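Line by line, the protein sequences give chains D and H.
With the first sequence counted from 1, adding 421 to any position gets you this note's numbering.
With the second sequence counted from 1, adding 9 to any position gets you this note's numbering.
Ideal placement from N, C-alpha and C gives every residue a C-beta, glycine not left out.
Every value quoted in this text rests on a predicted model; they were computed, and no experiment measured them.
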Amino acid sequence: QKEVEQDPGPLSVPEGAIVSLNCTYSNSAFQYFMWYRQYSRKGPELLMYTYSSGNKEDGRFTAQVDKSSKYISLFIRDSQPSDSATYLCAMSRGASNYQLIWGAGTKLIIKP
Amino acid sequence: DTGVSQNPRHKITKRGQNVTFRCDPISEHNRLYWYRQTLGQGPEFLTYFQNEAQLEKSRLLSDRFSAERPKGSFSTLEIQRTEQGDSAMYLCASSPRTSTSIEQFFGPGTRLTVL
């Protein structure tokens, strides 16, 4: 069993919809939870990260962490066609811990 | 462009040949990482440098793989006697050395195809 599980999709939604992306994990030592976005033929880029439990909002994006359930989510409001990409969750045990453990990524398609 | 750059972007080689990839990190970043990503999967950690010192190597990195970072600037990843299973995207990332530096900045990757 992988340490981080993520549904690969694809997830297809109409423009303007609220999107929910999720990951589950098994290692309770994870403290930092990240969401990266990866466009085709590009490297991943960090969208946002959360330390420990709680919510974090940045514009149309909200990240949630529930450590008791070992479950993290990324919500995208007012989704746009430009949001179409693969969304990867990644986790680490500490800020100085360089080994990120990644989910497989969810391919998101926003239909105009 | 001041981002992470990787060369070449694409490499096609025959099984058994050696290949070398180059990564130029963001200039003020002293941490450098190599990852491998196959289709439909997230990146897998390969190795990590702090300045010129290689501090960690994944068990995924067989003896055919070697990475260097002379003078703590650019890095090279060499694969000897390539196998078809080595076909993947090889990603390089860099980050600054601060206590709060969680973000890794990725390059566009080098896509390797082994025939």
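Straight-line Cα distance separating residue j from residue i
i        : j        : result
D/Glu436 : H/Pro34  : 36 Å
H/Ser104 : D/Ser503 : 27 Å
D/Gln422 : D/Pro429 : 16 Å
D/Leu529 : H/Glu53  : 21 Å
D/Pro431 : H/Lys80  : 43 Å
H/Ile88  : H/Val28  : 5 Å
H/Glu77  : D/Val440 : 42 Å
H/Leu70  : H/Thr47  : 15 Å
H/Gly169 : D/Gly524 : Past the edges of chain H, shown from 10 to 124, lies residue 169 of chain H, and the structure says nothing about it.
H/Asn60  : H/Asn39  : 5 Å
D/Leu521 : D/Ala511 : 6 Å
D/Val434 : H/Leu64  : 43 Å
D/Thr445 : D/Met455 : 13 Å
D/Arg481 : D/Ile497 : 6 Å
D/Glu424 : D/Gly464 : 22 Å
H/Glu37  : H/Arg106 : 9 Å
D/Ser420 : H/Thr91  : Not covered by the structure: residue 420 of chain D. The range shown for chain D is 422 to 533.
D/Thr527 : H/Ile21  : 28 Å
Bridge partners - residue i, DSSP secondary structure assignment
i        : result
D/Asp487 : D/Tyr492
H/Glu53  : H/Arg45
D/Asn476 : D/Gln485
H/Val28  : H/Ile88
D/Arg458 : D/Glu466, D/Tyr508
H/Gln59  : H/Arg40, H/Ala62
D/Gln422 : According to DSSP, which records beta bridges pairwise, D/Gln422 is partnered with nothing at all.
H/Asp72  : According to DSSP, which records beta bridges pairwise, H/Asp72 is partnered with nothing at all.
D/Ile497 : D/Val440, D/Phe482
Chain D residues whose Cβ lies nearer than 8 Å to that of residue i
i       : result
H/Gly81 : Within 8 Å Cβ-Cβ: nothing; H/Gly81 doesn't reach chain D, min ~16 Å.
Under the three-state DSSP convention, the category residue i falls into
i        : result
D/Ser449 : coil
H/Lys20  : strand
D/Lys532 : strand
H/Lys66  : strand
H/Ser104 : strand
D/Pro502 : helix
D/Gln520 : coil
H/Pro79  : helix
H/Gln93  : helix
D/Val440 : strand
H/Thr122 : strand
H/Val13  : coil
H/Asp33  : strand
H/Pro117 : coil
D/Pro435 : strand
Within chain H, the residues that residue i reaches when beta carbons sit closer than 8 Å
i        : result
D/Lys532 : Within chain H, no residue comes near D/Lys532; the closest Cβ sits about 21 Å away, beyond 8 Å.
D/Pro465 : Pro52, Leu100, Phe115
D/Tyr470 : Ile111, Glu112
Contacts of residue i in chain D (Cβ-Cβ under 7 Å)
i        : result
H/Gly49  : Pro429, Ala525
H/Gly118 : Gly464
Residue i: contacting residues in chain H (beta-carbon distance under 9 Å)
i        : result
D/Tyr519 : Arg40, Tyr42, Phe54, Tyr57, Gln59, Leu64, Glu65, Ser104, Gln113
Proximal residues of chain H, C-beta to C-beta of residue i below 7 Å
i        : result
D/Leu509 : Gly51
D/Glu453 : The amino acid at residue 453 of chain D is misidentified as Glu; the sequence shows Tyr. Those are Ile111, listed as they occur along chain H.
Residue i Cβ short of 7 Å to the ligand PLP heavy atom set
i        : result
D/Met455 : No copy of the ligand PLP occurs in the structure displayed, which carries no ligand at all.
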